[in-house]
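See below for the structure under consideration.
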Amino acid sequence: MRMASQKASPKAEAVARAPQRRRGRERVAALLRAGEEVFAEKGFDAATMTEIAARAGASIGSLYQFFPTKELLADTLQDTNGEALSQMLDALGGAAEGAKPEMLIDRLFRDLSAFLEAHPSFVVLSDRPAADKAVKAERRKRMRGRIAALLGAMDPPLPRERAERMAVIVLHLMRVSVAISGEAELSDRDAVLDDLRAMLIRQIREGA
Numbered sequence: 010m011r012m013a014s015q016k017a018s019p020k021a022e023a024v025a026r027a028p029q030r031r032r033g034r035e036r037v038a039a040l041l042r043a044g045e046e047v048f049a050e051k052g053f054d055a056a057t058m059t060e061i062a063a064r065a066g067a068s069i070g071s072l073y074q075f076f077p078t079k080e081l082l083a084d085t086l087q088d089t090n091g092e093a094l095s096q097m098l099d100a101l102g103g104a105a106e107g108a109k110p111e112m113l114i115d116r117l118f119r120d121l122s123a124f125l126e127a128h129p130s131f132v133v134l135s136d137r138p139a140a141d142k143a144v145k146a147e148r149r150k151r152m153r154g155r156i157a158a159l160l161g162a163m164d165p166p167l168p169r170e171r172a173e174r175m176a177v178i179v180l181h182l183m184r185v186s187v188a189i190s191g192e193a194e195l196s197d198r199d200a201v202l203d204d205l206r207a208m209l210i211r212q213i214r215e216g217a
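In my numbering, the protein residues as written are 10 to 217.
As structure tokens, then:
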């Protein structure tokens, strides 16, 4: 896990403290898990450091010891989750080689949806106004590049420019997929998700 530095947020004057001992690393992991939950439930603005510390079973002093500001906690959480997402997309690279569009899109939807469910604060923190715009842009660029590479490796492959455009669409459709999955009152939710995947597969097939 990489702790955020002063560069992670231009509005944060303090720096997150990296733990040196196992007990400290375990405490930081608990604080990040609690931050994940509270940010996802309340949003960045409404979440409080007091609530995050309580959720982690830690004192507020312990939270501030490692994360002097809420912005630093959010930055570190985004860095950690961003690394997990990159690893997931890299792991998908082997399965993409020579894969048919249906198989690749199904796997991509499944893996990205699982990631967003496991890291529910990712979208919330990405959208916060205080997030560093340059960092957000670079993260989006990397994610789109990895997805474009996947689309270019399947059989038949998408041309580079088409793959880059579709990568933008895929990322936004992932958010739509998670939003639909969260509508408990939607009786035909699975059918709607199937139609969403089929629509994307059709678009990719037409461009290949």
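Virtual Cβ for every residue (Gly too), placed ideally from N, Cα, C.
All values derive from a computational prediction rather than experimental measurement.
DSSP state of residue 109 mapped onto helix, strand, coil: coil
Straight-line gap, residue 18 to residue 213 (C-alpha atoms, nearest Å): Model confidence at residue 18 stands at a pLDDT of 45, short of 50, so the residue's coordinates are unreliable; what they give is reported in the following sentence. About 37 Å.
Touch test, the region 114–131 against the region 62–69, Cβ-Cβ under 8 Å, three pairs minimum: The region 114–131, when compared against the region 62–69, does not touch it at the 8 Å Cβ threshold.
Candidates 28, 54, 43 and 182: closest to residue 249 by CA position: Examination of residue 249 is not possible in this model, given that the chain is present from 10 through 217 alone.
Secondary structure, alpha helix (DSSP H): runs of 4+ residues fully inside the region 61–88: 69–75
Distance between beta carbons of residue 156 and residue 176, contact taken as under 8 Å: Correct: roughly 4 Å between the Cβ atoms.
Boundaries of the alpha helix (DSSP H) in which residue 183 is found, first to last residue: Segment 169–190, the alpha helix (DSSP H) holding residue 183.
Neighbourhood of residue 183 by C-beta, 8 Å cutoff - its chain only, sequence neighbours within 5 removed: 118, 121, 122 and 125
DSSP three-state assignment for residue 146, whether helix, strand or coil: helix
Cutoff 7 Å; reference residue 170; Cβ partners in own chain excluding five residues on either side: Shown here for residue 170: not one same chain residue has a beta carbon closer than 7 Å to its own, the five before and five after excluded.
Beta-carbon separation (whole angstroms), residue 62 vs residue 71, contact threshold 8 Å: 7 Å
Beta-carbon contacts of residue 98 that lie in its chain and below 6 Å, excluding the five residues immediately before and after: So the qualifying residues of the chain are 155.
Residue 101 versus residue 75 - alpha carbon distance: Near 34 Å, if we compare the C-alpha coordinates of residue 75 and residue 101.
Residue 192 classed as buried or exposed, judged by whether at least 16 other C-beta atoms fall within 10 angstroms: exposed
Sub-8 Å separation of residue 114 and residue 210 beta-carbons: yes
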